[in-house]
Every structure is written in C-alpha cells, then in structure tokens.
Amino acid sequence: GQSLEQPSEVTAVEGAIVQINCTYQTSGFYGLSWYQQHDGGAPTFLSYNALDGLEETGRFSSFLSRSDSYGYLLLQELQMKDSASYFCAVRDLDYKLSFGAGTTVTVRA
Amino acid sequence: GAVVSQHPSRVICKSGTSVKIECRSLDFQATTMFWYRQFPKQSLMLMATSNEGSKATYEQGVEKDKFLINHASLTLSTLTVTSAHPEDSSFYICSPQPQSYGYTFGSGTRLTVV
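First to last, the sequence lines map onto chains G and L.
In terms of the working numbering, the first sequence opens at residue 734 and continues consecutively.
In terms of the working numbering, the second sequence opens at residue 32 and continues consecutively.
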C-alpha cells in the first residue's frame, strides 16, 4: 500500500516562500505529483517528479529525493490566490493515485 | 491536459433514491476513469476504477452494489449512487487515466442526501 505524510497547515504572508514537505511509503513508485484545490473546487495539477531533482514551473517548484522517499513543493512570491489545499500524490503501476491528507495554505496580507 | 466534463455539479436527493453522475471526456478517448470521493476537510480517496467495456474494479471497503459504475463508451463513464443515505453525502470526482503524467479531474459533484 501507499502512505503519505504532509503538514496539515501552513500560514504565510504575501510575497513569502512556503515549502510543503511530503514523505511517502510505497510498494511501487512511479512518480510524485502535486495538486492544488481551492474550497469547493476540483484538484488541479501543479507539478510532477519521476526522477530526483528540482522541477520548476513558474512560481511553483517541486523536488524529489527517491532515496529519502521525500519531496517538497515550493511556493514562491505567495499571492492571496494561493490560499488553498495542496496535496502530494504517488502513482502506482496501475496509474492509481494515492493522496496525502493535504496541507492548507493560508496567505495573509 | 485532458478536458473532462462532470455533471451535475450539485445534487440534493432524498434518502433511498438514486443519483447518477456523468463524466465525459471531451477531447480524448478515456479507456480508464478513476472515481474519487472526498469528505469535507479530507483527502481524495479512490473508490473505483472503470474500464471501457469491462467491469469496474472497486477499492477495499467500497460497496460495488451501492456505487454502480458504467463505462460503456470511450467518452462516458457514470457513477450511480443507489439507495443513497446521508452518510453518502460527499464530493465525488472523476479523473481519466492520463496520457502523460498530469492528471486532470472533473469539476466534481457535491451530493447532499437529506
């Protein structure tokens, strides 16, 4: 099976940088991905790592260390609209996603 | 990413009735569709996987006779919640198996059973 751990809440001010860590235990690893979900909305894809290292997509970056079973999502230049829940997820051989419990990011003015 | 249309977005039904949720892939052929359920302030939990032309597979603890899944074509998968009860009230989301690595999701259906 799969299990993922991520912090439940993070609060930061506009313009700040936030890092959301995710540790995982899996029976088979086929990549770590990150999703953003605003209240009442569906998740949207942010970033994906299959290999070790950093992936940068605009203000969002994601990092993976397979040897440590660890990854993080970095949110830079925080904006009010970044207030949302963020989920890490691992994919198995059958393309099924297992999600972490989610991290609620609150951005304050 | 793939475009998925999910309907209805919200539905309120009485206990004991059935509700059908549709998920259509608009710009690709989805051979596999994943169905998730999300309770308030919780994560997405995979309920079942539908495969075009074959029986759906259900995750442990999900009643297959209660959550009927049909995937009759490459563009349409449906989830029917039968004999709904208040505890079935949740946010239901579909997601097609991606062609690359970025999963897309339907807009979700908020089901309230009264």
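The C-beta atom is built at its ideal place from N, Cα and C for all residues, glycine as well.
Fair warning: this is a prediction, and the values are worked out from it, not measured in the lab.
Provide the residue span of the beta strand (DSSP E) that contains residue i, from first to last.
i                 : result
Met-64 (chain L)  : 63–69
Pro-740 (chain G) : Note, Pro-740 (chain G): premise wrong, no beta strand (DSSP E); not H, not E.
Arg-55 (chain L)  : 50–56
Ala-103 (chain L) : 98–104
Gly-786 (chain G) : 786–790
Val-38 (chain L)  : Here residue 38 (chain L) is His; the residue named in the question, Val, does not match the sequence. Start and end: 35–38.
Gln-758 (chain G) : 751–758
Thr-111 (chain L) : 107–112
Ser-798 (chain G) : 793–798
Gln-812 (chain G) : Taken as a continuous stretch (DSSP letters only), Gln-812 (chain G) belongs to no beta strand (DSSP E), as it is neither H nor E.
Leu-765 (chain G) : 765–770
Phe-136 (chain L) : Element bounds for Phe-136 (chain L): n/a, residue is neither H nor E.
Run through chain G and tell me which residues come within less than 9 Å of residue i, C-beta to C-beta.
i                : result
Thr-80 (chain L) : Asp-827, Tyr-828 and Lys-829
Phe-65 (chain L) : Tyr-828, Lys-829 and Leu-830
Can you name the residues of chain L whose CB is closer than 7 Å to the CB of residue i?
i                 : result
Tyr-781 (chain G) : Tyr-132 and Gly-133
Gly-804 (chain G) : Ordered by position in chain L, no residue passes the 7 Å Cβ test against Gly-804 (chain G), which lies about 14 Å from the chain.
What does residue i reach in chain G if we use C-beta pairs closer than 8 Å?
i                 : result
Gly-139 (chain L) : Gly-774 and Ala-775
Quick one: which chain L residues come within Cβ less than 9 Å of residue i?
i                 : result
Gly-761 (chain G) : Simply none; closest approach about 15 Å.
Ala-834 (chain G) : Gln-73 and Ser-74
Phe-820 (chain G) : Ser-74 and Leu-75
Could you work out which residue in the options is closest to residue i when comparing CA atoms only?
i                 : options                                       : result
Gln-128 (chain L) : L:Thr-106, L:Thr-62 and L:Ser-49              : L:Thr-62
His-771 (chain G) : L:Val-144, L:Val-145, L:Gly-139 and L:Ser-131 : L:Gly-139
Arg-841 (chain G) : G:Val-746, G:Ser-736, G:Leu-737 and G:Gly-761 : G:Val-746
Lys-49 (chain L)  : L:Ile-100, L:Ser-126 and L:Arg-55             : Per the sequence shown, the amino acid found at residue 49 (chain L) is Ser instead of Lys. Checked all of L:Ile-100, L:Ser-126 and L:Arg-55; the closest Cα to Ser-49 (chain L) is L:Ile-100.
Gly-47 (chain L)  : L:Val-93, L:Phe-59, L:Ser-114 and L:Ala-33    : L:Ser-114
Phe-793 (chain G) : G:Phe-778, G:Ser-802 and G:Asp-801            : G:Phe-778
Ile-753 (chain G) : G:Phe-762, G:Gln-769, G:Gly-764 and G:Tyr-763 : G:Gln-769
Glu-738 (chain G) : G:Lys-829, G:Asp-827 and G:Phe-820            : G:Phe-820
Phe-65 (chain L)  : L:Pro-117, L:Phe-98 and L:Lys-72              : L:Phe-98
Trp-767 (chain G) : G:Leu-811, G:Val-743, G:Thr-790 and G:Gly-748 : G:Thr-790
Asp-827 (chain G) : L:Pro-117, L:Glu-90, L:Lys-72 and L:Gly-84    : L:Glu-90
Kindly list the residues whose CB is nearer than 8 Å to the CB of residue i, restricted to its own chain and excluding five residues on each side of it in sequence; keep chain order.
i                 : result
Ser-848 (chain G) : Because chain G here runs from 734 to 842, residue 848 (chain G) falls outside it and cannot be looked at.
Gln-735 (chain G) : Tyr-757, Gln-758, Thr-759, Ser-760, Val-823, Asp-825 and Ser-831
Gly-786 (chain G) : Phe-796 and Leu-797
By Cβ distance, which residues of its chain are closer than 7 Å to residue i, with the 5 residues on each side in sequence left out?
i                : result
Ile-43 (chain L) : Thr-143 and Val-145
Phe-70 (chain L) : Ser-121
Once you ignore the five residues that flank residue i on each side, which residues in its own chain have a CB closer than 6 Å to its CB?
i                 : result
Arg-68 (chain L)  : Met-76, Met-78, Ser-121 and Tyr-123
Asp-181 (chain L) : An answer regarding residue 181 (chain L) cannot be provided, because it is not within the stretch 32 to 145 covered by chain L.
Lys-51 (chain L)  : Thr-109 and Thr-111
Ser-81 (chain L)  : Met-64, Ala-87, Ile-100, His-102 and Ser-108
Phe-59 (chain L)  : Ala-33
Taking C-beta pairs closer than 7 Å, name the residues in chain G that residue i reaches, listed in chain order.
i                 : result
Phe-59 (chain L)  : The contacting residues do not exist; Phe-59 (chain L) stays about 15 Å from chain G at best.
Ser-46 (chain L)  : Near Ser-46 (chain L) there are no residues of chain G at all, since even the closest Cβ is about 24 Å away, more than 7 Å.
Ile-124 (chain L) : Ala-775
Leu-142 (chain L) : None at all; the shortest Cβ gap to chain G is about 14 Å.
For residue i, go through chain L and note every residue whose CB falls closer than 8 Å to its CB, in chain order.
i                 : result
Phe-778 (chain G) : Gly-32, Gly-133, Tyr-134 and Thr-135
Gly-791 (chain G) : Per Cβ cutoff of 8 Å: no residues; Gly-791 (chain G) is ~15 Å from chain L at best.
From the DSSP output, which residues share a beta bridge with residue i?
i                 : result
Met-76 (chain L)  : L:Arg-68
Ser-120 (chain L) : Answer is none; Ser-120 (chain L) lacks a bridge partner.
Pro-127 (chain L) : L:Met-64
Using a beta-carbon distance below 8 Å, is residue i in contact with chain C?
i                : result
Leu-77 (chain L) : Judged by its chain identifiers, the structure shown contains no chain C, and its protein chains are G and L.
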